[in-house]
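One structure is given here, and the rest of the page talks about it.
Residue numbers (UniProt numbering): 1 to 182.
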């Protein structure tokens, strides 16, 4: 089945007023419950990156883990987990960032990457870009570089993709939504 003939947007459930009034949450659970859609999403990413020049997959806590782990397996690349504060057991590097709901910290094991490594970062969506920007800063602090930031969904009105592009980080998303799309 070709990507163009399958509408993944129809399997992304809008949840109105979650986690707070006025927000439309984009729930990818139905997409992951469809074997056809899941295969299509993963195959689309794998096709994009199978011959790309990078060394590691970076996955954002928590929904990015679903994408990153499958692609690390498919592409035979090491997986680097970027976790919420306090979830990793060894020495970590931490980076604070603003979210659309407040402030948070992202952590990664300090020995995850080294100079010369290149990372494709994955998350479920790009909103304000805070999580991916924090991860990019952590990657750079370890001497590595970001090859690209990728997600299933882009919310371009929130400016995250543009913020990443302004940092010299290319972005790739399979689909996008306007903030008021229902």
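Heads up, the beta-carbon is just placed ideally off N, CA and C, and yes, glycines get one too.
Looking only at its own chain, which residues have a Cβ that is under 6 angstroms from the Cβ of residue i, when we skip the five neighbours before and after it?
{"i": "residue 67", "result": "122"}
{"i": "residue 37", "result": "8, 11 and 31"}
{"i": "residue 65", "result": "59"}
{"i": "residue 16", "result": "24"}
{"i": "residue 170", "result": "148"}
Give the straight-line distance between the Cα atoms of residue i and residue j, rounded to the nearest whole angstrom.
{"i": "residue 260", "j": "residue 158", "result": "No answer is possible for residue 260: the residues shown for the chain start at 1 and end at 182."}
{"i": "residue 117", "j": "residue 90", "result": "20 angstroms"}
{"i": "residue 143", "j": "residue 149", "result": "17 angstroms"}
{"i": "residue 41", "j": "residue 111", "result": "30 angstroms"}
{"i": "residue 81", "j": "residue 14", "result": "27 angstroms"}
{"i": "residue 1", "j": "residue 45", "result": "Low local confidence applies: a pLDDT of 43 at residue 1 is under 50, so the model's placement there is unreliable, with the coordinate-based value given in what follows. So the two alpha carbons sit approximately 15 angstroms from each other."}
{"i": "residue 75", "j": "residue 69", "result": "10 angstroms"}
{"i": "residue 166", "j": "residue 177", "result": "21 angstroms"}
{"i": "residue 47", "j": "residue 86", "result": "34 angstroms"}
{"i": "residue 73", "j": "residue 55", "result": "13 angstroms"}
{"i": "residue 182", "j": "residue 20", "result": "16 angstroms"}
{"i": "residue 114", "j": "residue 141", "result": "9 angstroms"}
{"i": "residue 102", "j": "residue 43", "result": "34 angstroms"}
{"i": "residue 136", "j": "residue 156", "result": "19 angstroms"}
{"i": "residue 71", "j": "residue 22", "result": "34 angstroms"}
{"i": "residue 61", "j": "residue 35", "result": "22 angstroms"}
Is residue i helix, strand or coil by DSSP?
{"i": "residue 200", "result": "Only positions 1 to 182 of the chain appear in the structure, and residue 200 is not among them; the question remains open."}
{"i": "residue 43", "result": "helix"}
{"i": "residue 157", "result": "helix"}
{"i": "residue 38", "result": "helix"}
{"i": "residue 32", "result": "helix"}
{"i": "residue 174", "result": "strand"}
{"i": "residue 106", "result": "strand"}
{"i": "residue 12", "result": "coil"}
{"i": "residue 48", "result": "helix"}
Under 9 angstroms, do residue i and residue j count as touching if we go by C-beta distance?
{"i": "residue 97", "j": "residue 52", "result": "no"}
{"i": "residue 127", "j": "residue 168", "result": "no"}
{"i": "residue 131", "j": "residue 104", "result": "yes"}
{"i": "residue 24", "j": "residue 179", "result": "yes"}
{"i": "residue 106", "j": "residue 173", "result": "no"}
{"i": "residue 50", "j": "residue 83", "result": "no"}
{"i": "residue 164", "j": "residue 129", "result": "yes"}
Tell me which residues share the same chain as residue i and place their Cβ nearer than 8 angstroms to its Cβ, disregarding the 5 neighbours each side in the sequence.
{"i": "residue 145", "result": "117, 118, 119 and 139"}
{"i": "residue 175", "result": "8, 9, 12, 152, 153 and 154"}
Within the same chain, show all residues whose beta-carbon is closer than 7 angstroms to that of residue i, passing over the 5 residues directly before and after it, in chain order.
{"i": "residue 18", "result": "25"}
{"i": "residue 88", "result": "107 and 109"}
Runs of beta strand (DSSP E) wholly within the segment 64-95 (minimum 3 residues, chain order): 79-84
Alpha helix (DSSP H) runs contained entirely in the segment 124-148, provided each spans 4 or more residues: 130-141
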